[in-house]
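Notes for the one structure printed next.
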Amino acid sequence: MPNPLSRYKIELERTGYEQLDVYRYPDHDEVRVKTPSGEVLLVKLPTHRESMSIEEFKEHVVKAAKKKEKEK
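The sequence shown: position 58 = 58 (our numbering), numbered continuously.
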């Protein structure tokens with residue numbers, strides 16, 4: 001049976017972003033993602049993934065990644 005958190009990874013891949021790693025901290029997660037252009041970014045989540053709906057997770061990661069891409 002697959003890990004329930006793998007749903008987040010699968011859904012994120014449907015947006016064109018690839019989840020590479022997840023770093024867990026006591027109060028939040030940080031996700032390393034590969035953008036459709038091939039750039040690798042670190043996105044800080046406001047909380048742990050399992051505390052967010054899959055839609056909230058996707059929206060937060062994509063929005064933060066696009067913002068970081070514009071800054072460069």
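All C-beta atoms, glycine included, are put in the ideal place defined by N, C-alpha and C.
Secondary structure of residue i, DSSP reduced to three states
i      : result
Glu-30 : strand
Leu-12 : helix
Glu-39 : coil
Element boundaries [alpha helix (DSSP H), containing residue i]
i      : result
Glu-55 : 54-71
Identity of the residue in the options nearest residue i by Cα
i     : options                : result
Leu-5 : Glu-59, Arg-49, His-28 : Arg-49
Whether residue i touches residue j by CB criterion (9 Å)
i      : j      : result
Glu-17 : Val-61 : Correcting the residue identity first, residue 17 is Tyr in this sequence and not Glu. Against a cut-off of 9 Å, the Cβ pair of Val-61 and Tyr-17 comes out as a contact.
Arg-32 : Leu-41 : yes
Endpoints, the beta strand (DSSP E) within which residue i is located
i      : result
Lys-18 : The question names Lys, but residue 18 in the sequence shown is Glu. Note, Glu-18: beta strand (DSSP E), 18-24.
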